[in-house]
Amino acid sequence: MDVNTNIISIISALFALVICGIIYLRMIKREDPEPIGKLQAILPVIMGGICVLVSGPAGVGLLYAFKIIGVTGETMATLPASFFTAFFVAGGVEELFKFLAIIITIAILKNKVKNVYEYIILGAAVGFGFTVVEDFTFGESMVVLLIRTPLMFTHMTLNMIMGEFIGRAKYNKQKDEGQTALYWACGLIIPMALHTLYDAGTIFNYPVMKGGDFVVGGILGGVAILTNVVLLIYVLVRAKKNAEKFSALSILPKDAQ
């Protein structure tokens, strides 16, 4: 990295740290009856940051493995190539590692994660950590910085969805009612699908970038961005309005409550 790139990377990471940090702290304060402890607040943020360092090489490795067996985006039509690349470089790989980060954090914290709202916070924390490290890594130009800043909460909201599904699965298992396996599956598949859609319509929009097809590429990009913006607003507002309700959905065994 040259000096200018380093400066932009630092600015990008600081933006993420401040903006996402404010949202994260406000989420923590909303929990009823009392906020989570420091370890529970900090550990998943660190885990999210580590995910960036692991998921990047994993995605590149997967694409290389596919290339060895003759499957590459270059041999596909531009539209499926967008989704193929977006899934294996970002949407699928990154969400898988963040899913694993949540599971590992749960295992470390054991019975400290008490209710569904705390699982939503846990997901937000992993997304927060991921965003800060990723923005430092990819803060290569002012253009990239300006594009990424308005959508800085995407990782947080995707992992809030993930956290809620995992929390609801744990809640249903504890109460011995409702879906469990389906919620676990949705906790991984839905964030993967949404993330892949967004990246296919933006940074991997090959219909525009390689095919010059602004109709297909424009529709894909429009759907991806609109879906992402609606998702950001809906997930953040829903978590705020229902913080007390989600906090009441206890995961702990009755003798530990």
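Quick note on my numbering: the sequence shown kicks off at 58 and runs consecutively. For glycine and all other residues, C-beta sits at the position ideal for the given N, C-alpha and C.
Spatial neighbours of Ala73 in its own chain (CB-CB distance under 6 Å, excluding positions within 5 residues in sequence) are listed in chain order as Thr188, Val189, Asp192, Met209. With at least 16 other beta carbons inside 10 angstroms of its own, Lys155 counts as buried. In this structure, the alpha-carbon of Leu71 lies about 27 Å from that of Glu221. One alpha carbon belongs to Ser112, the other to Asn299, and they sit about 32 Å apart. Taken atom to atom, the span from the alpha-carbon of Leu254 to that of Gly106 is near 23 Å.
Sequence-distant partners of Cys108 (beyond 5 residues in either direction) whose C-beta falls short of 6 Å from its own C-beta, in its chain, are Phe154, Lys155, Ala158, Phe187.
If you look at Lys227, you'll find it in the alpha helix (DSSP H) that goes 211 to 232. Among the bridge pairs identified by DSSP, Asn262 is matched with none.
DSSP places Val280 in the uninterrupted alpha helix (DSSP H) bounded by 271 to 298. Counting only residues of its own chain and dropping the five nearest sequence neighbours on each side, Lys171 has a CB closer than 7 Å to the CB of Ser307, Ile308, Leu309.
The C-alpha of Ala138 is placed about 14 Å away from the C-alpha of Gly148.
The Cβ atoms of Pro248 and Ile218 lie closer than 8 Å to each other.
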